[in-house]
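A.B. asks:
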Amino acid sequence: MRILEANRVGWGASGRNGGQMIGGLSGERRLARALGPDGDRQLWDLRWAGHELIRTRIKRYDIRCDLKTGYADVAIKPRHLRELQESHDYLQRHDPPFEFRLLGRDETRDTIGSQAFTGALVNMGNGHLHPLNLCLGEADAAVQQGATIHEGSPVTGIRHGDKPKVETKHGSVTADFVILAGNAYHAVAKRLRDVMLPVNSYIIATAPLLPQQIATVNPLDLAICNPNFVIEYFRLSADKRMLFGGRCNYTGDDPRVITDELQPRMLRVFPQLDGLPIEFAWGGRMGIPLNRVPQFGRLAPNVFYAQGYSGHGVNVTHLAGEILADVVAGTSERFDVFARLRTWRIPGAHLFPTPLVKLGIAYYQLRDWL
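Per our numbering, the very first residue in the sequence shown carries number 2; after that it's consecutive.
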């Protein structure tokens, strides 16, 4: 196996994301219908498959990526509380092997360390980790198993045929099968340019919290996500920095601009962090299909792709890797379920991504305010 990486391993969303290991796939209702009569049970298994792969690999290859257990969805408005109750009932019906509980306002305040939320659903089946260290550890494991990784090798084109040839500026690779796995960063296949919007998300990291702050900020060390369409997410790192992420009206990478946008939002949630310096700020791009369903398909009988994880990439990319490995080995049942789902297309989306993203964000912000 040869991997052609345009930059360095983990350069894209695999290394820059918020590190929240969240079960589930976007677009689950459509997926359940596509799976047939037993769709609910199959979907339940798919929700957690990525988690099991991550835990297995961390243990097998001794990957040191600060894996921790615990996650909470929080509520801001009454309708969010109803949604959390529905999620709680869904978990209860399936009787999972992990703890989960619904919290009221006071218990949420004590658990999260913030007055900003009216309730929460704590799920100990989810968790958080250091995403770049996970990615680098898995890359090392792949090399140990015989893979060759070519960094600094952006793909310029694919010549299709019985033995497709993948071309780069400095050489080419001929293979039996090819998998496109660039998600929002890939620009090779014209057919895939208008089926997914590249949306930037940003994160700030504070200086390590003082001992007296740690007791009042996220004392259970959970990964936390708010319920809006334009989400905010936050957690503590292993060295007790607050990592706070979300969208902002910006498409660059200037840490000062990112900090100016995100720090006031962090302080609305955790005013007790006022005065704590912001030491790091960065951003990255994720792929969001219009129907929010992960996209799998073929560009040719021996050329496959997967993309569009809509912010669930830590979990779902691992599931996608297993599904793609299966289809290369000749087992296509799970791949075909995803591939059959109709993908919405926006003609010209790749030519005008920024205005389209801004329009979409404005629409979802309006929905969040209602």
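By construction, the Cβ of each residue, glycine as well, lies at the ideal position given by its N, Cα and C atoms.
Everything numeric in this text was worked out from a predicted model, so none of it was measured.
May I ask which residues mark the beginning and end of the beta strand (DSSP E) holding Val338?
C.D. replies: Run containing Val338: none in the beta strand (DSSP E); it sits in the alpha helix (DSSP H), Glu334 to Arg341.
A.B. asks: DSSP puts Glu233 in a beta bridge; with which residues?
C.D. replies: Its beta-bridge partners are Gly247.
A.B. asks: Can you tell me which of His52, Ala117 and Ile289 puts its alpha carbon nearest to the alpha carbon of Asp107?
C.D. replies: Considering only alpha carbons, the answer is Ala117.
A.B. asks: For Thr119 and Leu342, I'd like the C-alpha separation in whole angstroms.
C.D. replies: Rounded to the nearest angstrom, the two C-alpha atoms are 37 Å apart.
A.B. asks: Use the C-beta contact count for Arg3: other C-beta atoms within 10 angstroms, 16 or more gives buried, fewer gives exposed.
C.D. replies: Exposed is the call here.
A.B. asks: Counting only runs of 3+ residues fully inside the stretch 61 to 100, write out the beta strand (DSSP E) ranges in chain order.
C.D. replies: Runs of the beta strand (DSSP E) inside the stretch 61 to 100: 69 to 76.
A.B. asks: Assuming Asn8 contacts Glu152 (C-beta within less than 8 Å), just tell me the rounded distance between them.
C.D. replies: Confirmed, about 7 Å.
A.B. asks: Considering Cα atoms alone, identify which of Asp177, Val156 and Pro155 is closest to Asp163.
C.D. replies: Ranking Asp177, Val156 and Pro155 by Cα distance to Asp163 puts Asp177 first.
A.B. asks: Could you have a look at Phe9 and say whether DSSP puts it in helix, strand or coil?
C.D. replies: Contrary to the premise, residue 9 reads as Arg rather than Phe in this sequence. Arg9: coil per DSSP, three-state reduction.
A.B. asks: Tell me the rounded alpha-carbon separation between Val174 and Val10.
C.D. replies: Roughly 18 Å separates the two Cα atoms.
A.B. asks: Rounding to the nearest angstrom, what Cα-Cα distance links Trp283 and Val200 in this structure?
C.D. replies: Going by the C-alpha atoms only, they are around 14 Å apart.
A.B. asks: Within 10 angstroms of its Cβ, does Lys191 collect 16 or more other Cβ (buried), or is it exposed?
C.D. replies: Per the 10 Å Cβ criterion, exposed.
A.B. asks: Taking all protein chains shown into account, decide if Glu280 is buried (16 or more other Cβ within 10 angstroms of its Cβ) or exposed.
C.D. replies: Glu280 is exposed by the Cβ-count criterion.
A.B. asks: Taking Cβ to Cβ, would you say Tyr91 is nearer than 8 Å to Leu223?
C.D. replies: No, the pair does not count as a contact, with Cβ atoms beyond the cut-off.
A.B. asks: Just the C-alpha distance for Leu82 and Ser154, rounded to the nearest angstrom, thanks.
C.D. replies: Using only the alpha carbons, I get a separation of about 48 Å.
A.B. asks: Could you work out which residue in Gln264, Phe305 and Ala321 is closest to Pro278 when comparing CA atoms only?
C.D. replies: For Pro278, the nearest C-alpha among the options comes from Gln264.
A.B. asks: When DSSP builds the beta bridges, which residues end up paired with Leu320?
C.D. replies: For Leu320, which the question treats as bridged, DSSP gives no partner whatsoever.
A.B. asks: Residue range of the alpha helix (DSSP H) that Ile215 falls in?
C.D. replies: Per DSSP, Ile215 belongs to the alpha helix (DSSP H) from Pro212 to Ile215.
A.B. asks: Using only alpha-carbon positions, find the residue among Glu168, Thr149 and Ala148 that is nearest to Val156.
C.D. replies: It is Glu168.
A.B. asks: At which residues does the alpha helix (DSSP H) containing Leu36 begin and terminate?
C.D. replies: It spans Glu29 to Leu36 - the alpha helix (DSSP H) in which Leu36 sits, taken as one unbroken run.
A.B. asks: If you measure between the beta carbons of His89 and Phe101, is that distance less than 8 Å?
C.D. replies: Going by C-beta atoms, His89 is nearer than 8 Å to Phe101.
A.B. asks: Please confirm whether Val75 and Asn227 have their CB atoms less than 8 Å apart.
C.D. replies: Yes, these two residues count as a Cβ contact at 8 Å.
A.B. asks: So, is the C-beta of Ala188 closer than 8 Å to a C-beta in chain C?
C.D. replies: In the structure shown, chain C does not exist; there is a single protein chain.
A.B. asks: DSSP state of Glu53, grouped into three classes?
C.D. replies: Residue state, collapsed to three classes: helix.
A.B. asks: Would you mind stating whether Ala14 and Gly314 have Cβ atoms separated by less than 8 Å?
C.D. replies: Result yes, Cβ atoms of Ala14 and Gly314 sit closer than 8 Å.
A.B. asks: Using a Cβ-Cβ cut-off of 8 Å (strictly less than) and excluding sequence neighbours within five positions of Thr217, which residues of its own chain qualify?
C.D. replies: If we look at Thr217 and ignore the five residues flanking it on each side, its Cβ neighbours are Gly114 and Gln273.
A.B. asks: Looking at Gly312: is its Cβ nearer than 8 Å to the Cβ of Asn184?
C.D. replies: Cβ distance not < 8 Å, so Gly312 and Asn184 don't count as in contact.
A.B. asks: Return helix, strand or coil for Glu108, following the three-state DSSP convention.
C.D. replies: Glu108: helix per DSSP, three-state reduction.
A.B. asks: Going by alpha carbons, who is nearest to Ala50 out of Ile150, Ala321 and Leu68?
C.D. replies: It is Ala321 whose Cα lies nearest to the Cα of Ala50.
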